[in-house]
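Enquirer: Can you read through this structure? Questions will come right after.
Protein chains in written order, with this note's numbering: chain U, 1050 to 1167; chain X, 13 to 449.
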C-alpha cells in the first residue's frame, strides 16, 4: 500500500479528478492549500501598496492505493495536471503502515479496494 | 414620453442663468432620479459580480465601473449631441458636442439632462458585460463600450428620443417610455453578438460555473429595483402625474414577474430559488421600462406576469443551446425588453395618459412596436459586430486560455477579491524612500 500525495494547480483539479475516475481510482481526499515551489512571484497592487504574493493557491490530493494502482494513479495525475510551466506541482509516494476501513474494520489491501457496486 | 427641451437648442454662449425661473419640484425630482439611475450601475456590478466565480469577480465588477468612467465622458463630450442634436432622422448633429449650446435654462437646468441621460448610457454599456464575463481583455472592453456608446447607443437614442420631427422611431409613433429598446434590447443584442464574436469560455459545457456569492446577487437586484424608480419615474421629466404612474408601475410589474417566476419554479422544481427571484425582479423591471408611463396599474401587473414566461423558458433552455451568454443578458434583458415593448402596444391606455393600445382598439400600436424593436435589433447587431471586429484589429479581444484558467482578477487587474495575507511580501520601491515602516 502506498499513499500518493499530489500538489497541483487548482484550475487543473477538474481534469485530474476526471482522469482519476477514468483510471478507476476512487477513494481520495482533497484540500486547498498554499505553498511555494520554484514559480516566480505574482505582483499585486492595493492602493499603492505593492506586494509579491509568495504563496500560491494549490490543491493537495491524497489517495491511499494498493501496489497495483500506484502507477496508474501517477500516470493519470501527470497527464491531467501538466501544463508545462513552472508551478505544475509534485507527486509524492509514501509508504503506508496500516489502513483500517472504519465501517467494517477491514484492514490494509481490503480497506483500500473500492467496493463493487451494484 | 421623453421631451426634448427646445430651449437647449438656442445658440447661447457662456452660462446663461435661468431664462425663466426653474420649476423647483421638477428640478428636485430630476436631481434625485439622476442619482438613483447612477446607483444602478454599481448595483449591476454586484448583481453580476455575485453570479460569477470568485476568480473573476473583480474583473466582472470593473466592467461596470469602467463604464462609469469611459462611457460618461464619451456621452457628455459627443454622445449626447449625436442623440439629442437636431441633424436628420438617422443621426443627430454635433451642435451640442462638448456641451456647447447647453446652459442652465429651462423649467429644469438643460445641462442636468446630459447627466440624467448619461446615467442611462452607462448602465446600457455595463449590461453588455454580463454576456462576456470571464474571457474578455479589459482594454478591449473599454475601447468597445466607448465606441459602442457613440456609434450605437447614441444613434438608437436619437431614433427613439431625438427631437420631434427628426427621430426615426419616435416619429413613427413607437412608445419607449424609459428605454426598453434603447437600453435593454440594445445591450442584450450587443451581448449576444459579443458571445458569437468572442466564443464561449474555455470550460463552457464541461464545467459547472456556479455563482460565488448569491447574497451579492440579491443585494444587486434590490439596489437595481431601487434605482429603477429614478430610471422610470425620472423619464416622466418632472414631479408630475406621469411620474407617479411610472413609479407605481415600477413597483407592480416586477412584483408580478417575481410571483409568476416563483410559481413557475415551484411547479417545475418544487423549490423557488434566490437567483431565480433576483432574475425575475430584473426581468419585470426591464419589461415595464417601455410601458411605465403609458399603461395603467392593472395593465402593468398583467404585463409583468406575462413577461416572466419567455425569459424563464429561454434561460432554462439556454445552456443546451451551446450559447455562453454567461449571465443570461439576452434571456433577461433581451426577451424581457422585447416582451415589454410588444406588451406596451397591447396594454397602452389612453385613460392613463398614453396612446391607446390593442386592448383599447388600436391594434396598429403593436405593429409599430414590432417595427421599432426590429429596427433596434438590426442596428445593434450590425453596429456591435462591426465595432467588435474593429476593436479586435487594434487590441486582443480575448484573454489567453492560461489567463482564463488562473482567473482574470489576478491576471488583468493584479488584485484578488478576497486576498489572503499569508505569503504577501511588501515591496518597497528601492527601499530608499526614507525608510518606511
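Ideal Cβ placement from N, Cα and C applies to all residues, glycine included.
For residue 1083 of chain U, list the residues DSSP reports as bridge partners.
Expert: Answer is U:1106.
Enquirer: Contact criterion: CB-CB distance below 9 Å. Does residue 1134 of chain U meet it with respect to chain X?
Expert: Chain X, which has a Cβ nearer than 9 Å to the Cβ of residue 1134 of chain U, makes this yes.
Enquirer: What does residue 1139 of chain U touch in chain X if you count any residue whose Cβ is under 9 Å from its own?
Expert: Correct list: empty, because the minimum Cβ distance to chain X is about 18 Å.
Enquirer: Hey, could you find the ends of the beta strand (DSSP E) residue 1052 of chain U is sitting in?
Expert: 1051-1057 is the span of the beta strand (DSSP E), which, as asked, contains residue 1052 of chain U.
Enquirer: Beta-carbon within less than 8 Å of residue 404 of chain X's beta-carbon, same chain only, minus the 5 sequence neighbours each way: which residues are those?
Expert: Hits under 8 Å: 152 and 209.
Enquirer: Taking CB distances under 9 Å as the criterion, tell me whether residue 1101 of chain U reaches chain X.
Expert: Interface residue, yes.
Enquirer: How would you write the range of the beta strand (DSSP E) that residue 437 of chain X sits in, first residue to last?
Expert: It spans 436-439 - the beta strand (DSSP E) in which residue 437 of chain X sits, taken as one unbroken run.
Enquirer: Answer with yes or no whether the minimum CB distance from residue 1168 of chain U to chain X is below 9 Å.
Expert: Nothing about residue 1168 of chain U can be reported from this structure: the residues present for chain U run from 1050 to 1167 only.
Enquirer: Could you compute how far the alpha carbon of residue 29 of chain X sits from the alpha carbon of residue 122 of chain X?
Expert: Its pLDDT being 48, under 50, residue 29 of chain X is placed unreliably in this model, and the coordinates cannot settle the point.
Enquirer: Tell me the DSSP secondary structure of residue 191 of chain X in three-state form.
Expert: Reduced to three states, the DSSP call for residue 191 of chain X is coil.
Enquirer: Would you list, in chain order, the members of the stretch 1067-1098 of chain U that have their beta-carbon closer than 8 Å to a beta-carbon of chain X?
Expert: For the stretch 1067-1098 of chain U, which is checked against every Cβ of chain X, the residues closer than 8 Å are 1083, 1085, 1090, 1091, 1092, 1093, 1094, 1095 and 1098.
Enquirer: Can you check which of these residues, U:1159, U:1087 and U:1100, is closest to residue 1116 of chain U by C-alpha distance?
Expert: The shortest C-alpha separation from residue 1116 of chain U is found at U:1159.
Enquirer: In terms of residue numbering, what span does the alpha helix (DSSP H) encompassing residue 241 of chain X cover?
Expert: Per DSSP, residue 241 of chain X belongs to the alpha helix (DSSP H) from 226-245.
Enquirer: Identify whether residue 396 of chain X lies in helix, strand or coil by the three-state DSSP scheme.
Expert: In the structure shown, residue 396 of chain X sits in a helix (DSSP, three-state: H, G or I).
Enquirer: So, for residue 322 of chain X: in the same chain, excluding its five sequence neighbours on each side, which residues have a beta-carbon less than 7 Å away from its beta-carbon?
Expert: Only 347 and 351 meet the Cβ criterion.
Enquirer: Based on the DSSP secondary-structure assignment, which residues constitute the bridge partners of residue 148 of chain X?
Expert: Paired residue(s): X:410.
Enquirer: Would you list, in chain order, the members of the stretch 189-212 of chain X that have their beta-carbon closer than 8 Å to a beta-carbon of chain U?
Expert: Residues: none.
Enquirer: Tell me where the alpha helix (DSSP H) around residue 309 of chain X begins and ends.
Expert: Here the alpha helix (DSSP H) through residue 309 of chain X covers 309-329.
Enquirer: Could you name the residues that DSSP lists as bridge partners for residue 67 of chain X?
Expert: According to DSSP, residue 67 of chain X bridges with nothing at all.
Enquirer: With 9 Å set as the bound, which would you pick, yes or no: does the beta-carbon of residue 1157 of chain U sit closer than that to a beta-carbon of chain X?
Expert: It does not: the Cβ of residue 1157 of chain U has no partner Cβ on chain X nearer than 9 Å.
Enquirer: Beta-carbon within less than 6 Å of residue 243 of chain X's beta-carbon, same chain only, minus the 5 sequence neighbours each way: which residues are those?
Expert: Correct list, in chain order: 49 and 190.
Enquirer: Would you tell me roughly how many angstroms separate the C-alpha atoms of residue 306 of chain X and residue 266 of chain X, rounded to the nearest one?
Expert: In a straight line, the C-alpha of residue 306 of chain X is about 16 Å away from that of residue 266 of chain X.
Enquirer: Please decide whether residue 454 of chain X counts as near chain U, where near means a Cβ-Cβ distance under 9 Å.
Expert: Residue numbering for chain X in the displayed model covers 13 to 449; residue 454 of chain X lies beyond these limits and cannot be assessed.
Enquirer: What whole-angstrom Cβ distance do residue 1059 of chain U and residue 1106 of chain U have, given they're in contact under 8 Å?
Expert: So it is a contact: roughly 5 Å between Cβ atoms.
Enquirer: Can the beta-carbon of residue 143 of chain X be found closer than 9 Å to that of residue 81 of chain X?
Expert: Their beta carbons are not under 9 Å apart, which means residue 143 of chain X does not touch residue 81 of chain X by this criterion.
Enquirer: Would DSSP call residue 1139 of chain U helix, strand or coil?
Expert: Strand.
Enquirer: Could you tell me the distance, in whole angstroms, from the CA atom of residue 35 of chain X to the CA atom of residue 130 of chain X?
Expert: If you take the alpha carbons of residue 35 of chain X and residue 130 of chain X, they lie about 22 Å apart.
Enquirer: Where do the N-terminal and C-terminal ends of the beta strand (DSSP E) with residue 1091 of chain U fall, by residue?
Expert: Per DSSP, residue 1091 of chain U belongs to the beta strand (DSSP E) from 1091-1095.
Enquirer: Can residue 169 of chain X be considered in contact with the ligand HEM, in the sense that its beta carbon sits closer than 8 Å to one or more heavy atoms?
Expert: The ligand HEM is absent from the structure shown, which contains no ligands of any kind.
Enquirer: Can you tell me whether residue 140 of chain X is helix, strand or coil according to DSSP?
Expert: Residue 140 of chain X: helix per DSSP, three-state reduction.
Enquirer: CB residue 341 of chain X to CB residue 154 of chain X, shorter than 9 Å?
Expert: No.
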